[in-house]
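Single-structure report; data block below.
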Amino acid sequence: MLVNEKEALAYLELKIANARFAHAPGQLTAHQQREIKLIARRQFILEERVLASSEAQQIVLTDATLDEVFFRQREAYDSTQLFEQALSQQSLTKDGYRMALQRELIVDAVLETVAHRAKPVSEQEAREYYDRYPERFTLPEKRRTSHILITLKDDFSESEAQEVRELLNVIRVQVMEDPESFNELALRYSQCPTAVEGGQLGLVPQGILYDELDAVLFKMKIGDISAPVLSPMGYHLLWCKELIPTEKKTFAEARDVILQKMNIKRKEELKKDWIRQLSRVAVQDRSRKSEQE
Numbered sequence: 001m002l003v004n005e006k007e008a009l010a011y012l013e014l015k016i017a018n019a020r021f022a023h024a025p026g027q028l029t030a031h032q033q034r035e036i037k038l039i040a041r042r043q044f045i046l047e048e049r050v051l052a053s054s055e056a057q058q059i060v061l062t063d064a065t066l067d068e069v070f071f072r073q074r075e076a077y078d079s080t081q082l083f084e085q086a087l088s089q090q091s092l093t094k095d096g097y098r099m100a101l102q103r104e105l106i107v108d109a110v111l112e113t114v115a116h117r118a119k120p121v122s123e124q125e126a127r128e129y130y131d132r133y134p135e136r137f138t139l140p141e142k143r144r145t146s147h148i149l150i151t152l153k154d155d156f157s158e159s160e161a162q163e164v165r166e167l168l169n170v171i172r173v174q175v176m177e178d179p180e181s182f183n184e185l186a187l188r189y190s191q192c193p194t195a196v197e198g199g200q201l202g203l204v205p206q207g208i209l210y211d212e213l214d215a216v217l218f219k220m221k222i223g224d225i226s227a228p229v230l231s232p233m234g235y236h237l238l239w240c241k242e243l244i245p246t247e248k249k250t251f252a253e254a255r256d257v258i259l260q261k262m263n264i265k266r267k268e269e270l271k272k273d274w275i276r277q278l279s280r281v282a283v284q285d286r287s288r289k290s291e292q293e
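In full-length UniProt numbering, the protein residues as written are 1 to 293.
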């Protein structure tokens, strides 16, 4: 690997700054710059250990692969000029950037090689996970809901609130007599952006709307029109149009997703264990050298 430590660190700082703060290192605060330098230094040390492993000696990275990734990263900038400017600010040449990128890709390839040693999750393990966490495979009850909202000022008076409630009660009577009129009345009176769609909120599970609305909506029957309900936005009329009951996915329906997630987790854990082992070996080597000196 021909890239030197200074270039490798400059590349890592540029990458980390963009990922964490969406800015080049030179645009960050002094505190942020210290943070990315510390992270870059830790990453560099980790990469050094990975590249010194026997697994790294087996990796072959083609020029075509390197060219493809380099092109994609350059295209992430709005122009070639901006890309070159970012490199210049980090005292990085194009060749230095490519070599640092090559180093990173080899490290990634080593970790993927290690990850592929993970034993695939069995059907039985997936089933045990499904049985252990039933709540993760249960779809919550939902209500198809529309509403009419009339807002109130932050410092509204009781007389203003009473006026709004009376208007909504009149609207409620009209809707109860003719449910088909709801869309038109929402368009005419509602001060929510959903008014243009007849006040439709769609299928709503608990926890999406204000607590005050949830408390009323999830006690309503299909077709019910609520009395005026006060939320931090103002007063609402709620129309419960449909109820989708709680539903639990079968194991057959959840199986593929469970296997995928468990296999990913197992591979990540194996990579972390392997890296920890590299770190332990590095510490032991330093200790032996100190004793010999």
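In this text, a Cβ means the ideal position worked out from N, Cα and C, and glycines have one as well.
At the C-beta level, L238 and L217 come within 8 Å of one another.
The region 113-130 and the region 51-61 touch, with no fewer than 3 CB-CB distances between them shorter than 8 Å. In the displayed model, V216 falls within a helix according to three-state DSSP. Rounded to whole angstroms, M262 and L139 show a C-alpha spacing of 20 Å. L201 sits close to S146, with the two beta carbons spaced by under 8 Å. Judged by beta-carbon spacing, C240 lies within the 8 Å limit of M220, meaning their Cβ atoms are closer than that value. Taking a cut-off of 8 Å for Cβ pairs, the region 264-281 and the region 129-136 do not touch, as fewer than three such pairs fall below it.
Judged by DSSP in its simplified three-state form, G198 adopts coil rather than helix or strand. Residue environment for M176: exposed (fewer than 16 other C-beta atoms within 10 angstroms of its C-beta). Counted as a single uninterrupted DSSP element, the alpha helix (DSSP H) harbouring Y130 occupies residues 123-132.
If you draw a 10 Å sphere on the C-beta of A52, you find fewer than 16 other C-beta atoms in it, and that means exposed.
By the criterion of at least three beta-carbon pairs nearer than 8 Å, the region 24-32 is not in contact with the region 115-128. A Cβ-Cβ distance of about 14 Å is found for the pair G234 and I171, leaving them out of contact under the 8 Å criterion. Taking a cut-off of 8 Å on C-beta distances, the region 7-20 touches the region 34-43, as three or more cross pairs fall below it.
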